[in-house]
Amino acid sequence: MPDGQQGLLLALEVMVQRNVSIAIESGGHSSNPGASNIAGGITIDLAKFNTVTLTDHDQSVWIGPAARWSDVYTFLEHHGLTVSGGRVGHVGVGGYVFGGGFSWFANQHGWTCDSVLEFEVITPNRRLLHARKDWNGDLFWALKGSLGAFGLVTAIKLPILPHREVYGGPIGYAATEASALFDALHGLNLNAGKDLRSQGYLSFGWSPSATGVEYTAYLLNIAGNEAPPAFENFTSMSSIHNGMREMTIKESANEIARSNPLGYRRAKFTLTAKSSVEAMEVVRRTVEDFINVYREDLAGDKRLGVTLQPLTMPHVSIGDNIFSLKPEDGPLLLISAEIWWKDATRDKMLDHYSKELYGRMIQGLGDKHWHPWLYPNYAAKWQEPFSGRVMPDRTRRSLTKVREKYDPDGVWKRLVPGVWHID
Ligand SMILES: Cc1cc2nc3c(=O)[nH]c(=O)nc-3n(C[C@H](O)[C@H](O)[C@H](O)COP(=O)(O)OP(=O)(O)OC[C@H]3O[C@@H](n4cnc5c(N)ncnc54)[C@H](O)[C@@H]3O)c2cc1C
Ligand SMILES: *[C@@H]1O[C@H](CO)[C@@H](O)[C@H](O)[C@H]1NC(C)=O
Ligand SMILES: *[C@@H]1O[C@H](CO)[C@@H](O)[C@H](O)[C@H]1NC(C)=O
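The numbering of the sequence shown is the working numbering, which starts it at 8 and goes up by one.
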């Protein structure tokens with residue numbers, strides 16, 4: 008057994024005996040309280056578990072959970088290879104993969120967790136196990152989408168893909184184009200089956216220094232096609248700036264990372280809707296009303312951002328994860344909102360505002376547009392991706408069985424408060 012894992016097992020044993028609260032950190036990107044650092048407890052910082060090693064005659068790669076996607080791409084591009092990984096360079100591999108993982112290959116390979124070949128994991132009952140489809144298959148399945156509920160993962164094996172030049176980048180638009188942009192985004196979602204290689208999302212943001220709400224589409228064709236028909240509706244509109252160009256996935260990941268600066272405090276939440284232009288209009292109106300009401304409190308160092316992402320039928324049809332999304336649900340729209348600020352004395356107020364915005368949005372969407380699914384990687388701690396409202400009972404029962412087998416004493420629920428648990 009490698010030394011690092013042995014050390015983790017011993018440390019975990021002591022923490023369990025002493026009943027110490029634990030947080031586990033890979034990339035540290037979660038803004039949920041207690042997720043990747045903890046007051047009055049111990050943070051297990053996996054920083055040293057960050058190696059990237061080719062294996063299986065360069066057909067797959069073992070990645071340490073604390074590696075960042077930019078490091079993974081740098082290493083693999085050097086060998087002419089890539090993986091279906093994160094779109095943002097500084098995000099950690101660990102949390103991203105266990106919470107699902109939305110990559111530029113989603114239409115072809117599903118969530119990043121769907122591609123995983125094998126996990127190395129320390130279970131809550133302190134065993135170091137390998138989990139893959141034909142070995143501890145129940146644990147393998149449960150790890151895909153549960154964001155740390157079933158143990159501490161020390162390595163992840165993903166299949167290799169050939170490296171490629173991609174074509175894409177950000178395009179900025181004035182708010183007057185919003186309706187046309189919603190139409191284009193819905194079209195991209197509906198038509199995904201015709202071109203699996205073209206993907207994109209739409210963000211709009213508000214900050215006190217900006218004159219109004221600004222829209223940015225980030226589009227990327229992973230085959231390097233400069234003008235796929237799937238992007239026509241976006242590129243034929245009048246834009247403020249167009250940063251689309253030939254690049255590598257690493258360059259794109261670093262570019263998106265730069266537009267997501269670190270060092271802010273954050274409050275976030277997510278919602279899912281049945282994709283339609285009308286649902287996007289509801290989101291826009293809700294945010295605009297919210298900004299109008301709270302404009303003064305949102306002044307200073309604060310920003311508000313909303314991202315709309317197609318969850319296409321090809322994407323959700325792939326993979327054996329815990330999400331229970333089905334193509335019959337139709338094309339869905341993943342909505343995420345985030346408020347950013349720097350002044351710690353504002354924490355309580357802005358958490359409260361984030362919940363207020365959520366309440367308004369869910370009310371605006373109503374039964375007509377709302378879909379119960381929750382994406383764990385974007386969810387606030389107070390949202391519940393394992394609840395009966397989100398997850399079918401059959402899935403919950405299977406997860407309970409896995410929990411009873413690998414955590415019979417309920418150690419994780421008692422000691423790891425920053426993640427969601429299954430009873
Ligand atoms: C700027 C930004 C951009 C993002 N872009 C994307 C995107 O393009 N696509 C997408 O899908 N998501 C995206 N996300 C969401 C991101 O995937 C999640 O926040 C993810 O959980 C972060 O992983 P991490 O390892 O960096 O975080 P961490 O905070 O270290 O971990 C997150 C959670 O996972 C648990 N965990 C971490 N490592 C382990 C482990 N080894 N074993 C057990 N449990 C563990 C932690 O306890 C914690 O609760 C983005 C987030 C940010 C802030
Ligand atoms: C362990 O800690 C938890 C959370 O702090 C507490 O609720 C529980 O009573 C403790 N159990 C023991 C056996 O000390
Ligand atoms: C572009 O927009 C038109 C008009 O709304 C629509 O019919 C078409 O399907 C869209 N094309 C794509 C590729 O989304």
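From the three backbone atoms N, C-alpha and C, an ideal C-beta is built for every residue, glycine too.
Looking only at DSSP bridge pairs, what is Val59 linked to? In DSSP, Val59 forms a bridge with Ile70.
Fully enclosed by the region 293-340, which beta strand (DSSP E) runs are 3 residues long or longer? 310-318
Give the DSSP bridge partners of Gly200, in chain order. DSSP, once it has assigned bridges, lists no residue as partnering Gly200.
Buried or exposed for Arg75, please, with buried defined as at least 16 other CB atoms from any protein chain shown within 10 angstroms of its CB. buried
heavy atom of ligand 4 below 7 Å from Ala30 C-beta: This structure simply doesn't include ligand 4; it includes ligand 1, ligand 2 and ligand 3 instead.
Top-ranked residue by Cα proximity to Tyr222, from Pro235, Glu233 and Tyr208: Tyr208
With hydrogens ignored, establish whether the beta-carbon of Leu315 is closer than 7 Å to any heavy atom of ligand 3. no
Between which residues of its own chain and Ala191 is the CB-CB distance below 8 Å, once the five residues before and five after are set aside? The residues are Ala224, Asn240, Phe241 and Met244.
Contact between the region 101-119 and the region 194-208 is defined here as three or more beta-carbon pairs at a separation below 8 Å; is this criterion met? yes
Proximity test, Ala162 beta-carbon vs ligand 3 heavy atom, cut-off 7 Å: Taking 7 Å as the cut-off, the C-beta of Ala162 does not count as close to any heavy atom of ligand 3.
Limits of the alpha helix (DSSP H) - the one that Met356 falls within: Asp354 to His376
Ser28 and Gly14: beta carbons closer than 8 Å? no
Pair within 8 Å by beta-carbon distance, Arg272 and Lys349: yes
Three-state secondary structure (DSSP) of Glu233: coil
Does the beta-carbon of Asp190, which I'm using as the reference point, lie nearer than 7 Å to any heavy atom of ligand 3? yes
According to the Cβ coordinates, are Gly99 and Pro72 closer than 8 Å? Yes, the Cβ-Cβ distance between Gly99 and Pro72 is below 8 Å.
CB-CB under 7 Å to Glu253, same chain, minus the five flanking residues each way: which ones, in chain order? Sequence-distant partners of Glu253 (beyond 5 residues in either direction) whose C-beta falls short of 7 Å from its own C-beta, in its chain, are Glu172, Tyr174 and Gly231.
Along the alpha helix (DSSP H) that carries Tyr413, what are the first and last residues, could you check? Asp400 to Tyr413
Glu345 burial status per 10 Å Cβ neighbour count (16 or more: buried): buried
Would you mind stating whether Val95 and Ile163 have Cβ atoms separated by less than 8 Å? no
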